[in-house]
Structure formats: structure tokens, C-alpha cells
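Worksheet: the structure to be examined is printed underneath.
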Amino acid sequence: MEPEQNSSAPTECENCNRAPKWRTDFPIDWEGDHYVSRREMVKFLTLGSVLLAAANWVTALAGKFLRTGRFPEKLVGSVAALDSQRSILFRYPTDRDPCIAVRTPEGTLVAYSQVCTHLSCAVVYSTSDNKLLCPCHNGSFSVIEGAPIGGPPTRRLPRIAIEKRGDQLFATGVEV
Amino acid sequence: MSIRSQGTTLFTAILILVATTVVVQLWLLTVSMEALLAHETKTLIPAAVGSTVLLFINAGLLRYVFRFDHEVQRGPQE
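From first to last, the protein sequence lines stand for chains A and B. Here the first sequence stands for residues 0 to 175, numbered as in numbering that gives the first Met the number 0. Here the second sequence stands for residues 0 to 77, numbered as in numbering that gives the first Met the number 0.
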């Protein structure tokens, strides 16, 4: 005769079906974890994409609207002084912006910012070479267009619009 | 191969694509900022348009991810 089994004791089958303790603490398997983390990362990066596109448009609008302000008119000097000295220095549009006006050998009147586009040294006019020179690193600019023609500068000098009224010269704007 | 593990592989590929376009957008923003500071305003609008095109590509990929995830949530249909 077989011994009577205790019905209240847990059977072997119940132990098999019960999930282990660690399973309740870590209920998500690796596959599910990778699936969700990649999906969430795509969402996060797309949100970053929205922000970057918005920042790009803010930059574009800033470039369009921040430069539309009118420049003041400012006296540069007399035509006689420019003709005798070939170049005169002035400040425009503010007193912290040095500029240079030049009368070329062909008689053209041009004016540029005096700040070198390389490392912001002050450019000067060389009458012998007929170009604007930066003494810091031997950079040179065309006196006709302000474009870099030698040395380290790669960007042209901002041009200053000049108007001649009688014997006086006036700066009226900056062309960047 | 379960549909979820297929989704993991698919999402990994999409993630690489989206990350690449975001890096390109970051480069466009850097170029735009540099152009703005150099007063070169001609490149700003094209850069912004390019960044928006990349955003639409990313949005399309994210929409695909959502639709695929919706299919996974519903489970396999007979």
C-alpha cells in the first residue's frame, strides 16, 4: 500500500510553474528592452531634429531682420584732405568702428572698414602697391573691391558707402 | 524570428539614419551661425530649408516607427 500524500503540501508541478524571484524584479527581457530603448531613442532624436531645424530658422530670420536697420549719416572729411593725403581715417557707424577712405590713382573714391578680417588688426593704404595692407600678418586687400589678394585673410573687407556733397564726404551705410 | 526582434533590427537601422541626419542638421546650424557672424546672409535660408527637409525625413521615419509599433502592440493577426 502506498503512503497517503499530504494534499496541503506544494506539489512539484506548482513549484515549476511559479516564476523565480528575480523574474518579478526584472520582468522585461533583453529583446523587449532593446526594442523599447531604440524606439524611444528615435523619438528623442526626432525631437532634437525639430529643435535644430527651429534654431536654423531663427538664425536665418536673425540674419534677415537684424541687419535692416538704417545706418546713420556721418561726416568723413573734406574732399581736399582726401585728395592731398590719398587716404583718411574715420569711424563709422560707431566711434568703435575704424574705417579708411581711399582715393585710388584712377580717381575712384572707396572706403572700407579698417578691421582686417583675419585677426582684426588695422589695415593701412599702401600708395606704392595700391592696395590695403595688414601689417600684422602681411595680409593684403584689393583697393577696388576690398577682396583679399594675399596673406591669411579669406573674407573681403566690409565696404562703407560714401556720398560726396559739395566739398564734404559723408558715410551713409555699410555693405557687408 | 519574432516580429518584435524584427522591429529591434529595423529600429536600429532607423536610429542610425536619424542620428546621421541630426548630425548633418547640427553641422548646418554651425555653418549658419558662422555665416551670420561673418555677415554672409546668402547661405542662411538654404541652410534652414535643408534642415527642414531633413526634419521631414526624420518625421517620416518616426511615423513609420509608430505604425510598426502599433502593429506589434496589436499582435499577429490571422
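No residue lacks a Cβ here, since even glycine has one placed at the ideal position from N, Cα and C.
- Look at the stretch 143-174 of chain A: the residues with a C-beta under 8 angstroms from a C-beta of chain B are Arg154, Pro157.
- A distance below 7 angstroms between beta-carbons, with the five flanking residues on each side excluded, links Leu74 (chain A) to the following residues of its chain, in chain order: Gln167, Phe169.
- Taking all protein chains in view, the Cβ of Phe89 (chain A) is crowded by 16 or more other Cβ atoms within 10 Å, so the residue is classified as buried.
- Within the same chain, Leu132 come within 7 angstroms of Ser125 (chain A) by CB-CB distance, once the 5 residues on both sides are set aside.
- Ranked by Cα distance from Thr42 (chain B), the first of B:Phe55, B:Thr19, B:Leu28 is B:Leu28.
- Scanning chain B for C-beta atoms nearer than 9 angstroms to the C-beta of Tyr111 (chain A) yields nothing, as the closest lies near 14 angstroms away.
- Using a 10 angstroms sphere on the CB of Gln72 (chain B), the tally of other CB atoms stays under 16, which defines it as exposed.
- Listed along chain B are Leu28, Ser31, Met32, Ala34, Leu35, Leu43, Ala46, Ala47, each with a C-beta nearer than 9 angstroms to that of Thr58 (chain A).
- Within the stretch 19-47 of chain A, the residues whose Cβ lies closer than 8 angstroms to any Cβ of chain B are, in chain order, Glu30, Gly31, His33, Tyr34, Arg37, Arg38, Met40, Val41, Lys42, Leu44, Thr45, Gly47.
- Judged by DSSP in its simplified three-state form, Phe25 (chain A) adopts coil rather than helix or strand.
- Residue burial annotation: Asn137 (chain A) is exposed, with fewer than 16 other C-beta atoms found within 10 angstroms of its C-beta.
- Of B:Ser1, B:Gly74, B:Glu70, B:Ile13, the smallest CA-CA separation from Ser36 (chain A) is found for B:Ile13.
- Linking Pro26 (chain A) to Ala47 (chain B) through their CA atoms gives a straight-line distance of about 45 angstroms.
- The three-state reading of DSSP puts Ser119 (chain A) in coil, since its state is none of H, G, I, E or B.
- Residues of the stretch 1-15 of chain B with a C-beta less than 7 angstroms from any C-beta of chain A: Arg3, Ser4, Gly6, Thr7, Phe10, Thr11, Ile13, Leu14, listed in chain order.
- Within the model, the alpha-carbon separation for Ser112 (chain A) versus Gly49 (chain B) is close to 33 angstroms.
- Contact residues of the stretch 62-78 of chain A toward chain B are Gly62, Lys63, Leu65, Arg66 (C-beta to C-beta distance below 9 angstroms).
- A contact between stretches requires three or more CB pairs, one per stretch, nearer than 8 angstroms, and the stretch 70-84 of chain A meets this requirement with the stretch 98-114 of chain A.
- In the DSSP assignment, Gln167 (chain A) falls within the unbroken beta strand (DSSP E) covering 167-174.
- Under the 8 angstroms criterion on CB atoms, Gln24 (chain B) is classed as interfacial with respect to chain A.
- Below 8 angstroms, enough C-beta pairs join the stretch 45-65 of chain A and the stretch 51-60 of chain B to call them touching: three or more.
- Non-local C-beta neighbours of Glu162 (chain A) in its own chain, meaning closer than 6 angstroms and more than five positions away in sequence, comprise Phe169, Thr171, ordered along the chain.
- The Cβ-Cβ distance between Val23 (chain B) and Leu53 (chain B) falls below 8 angstroms.
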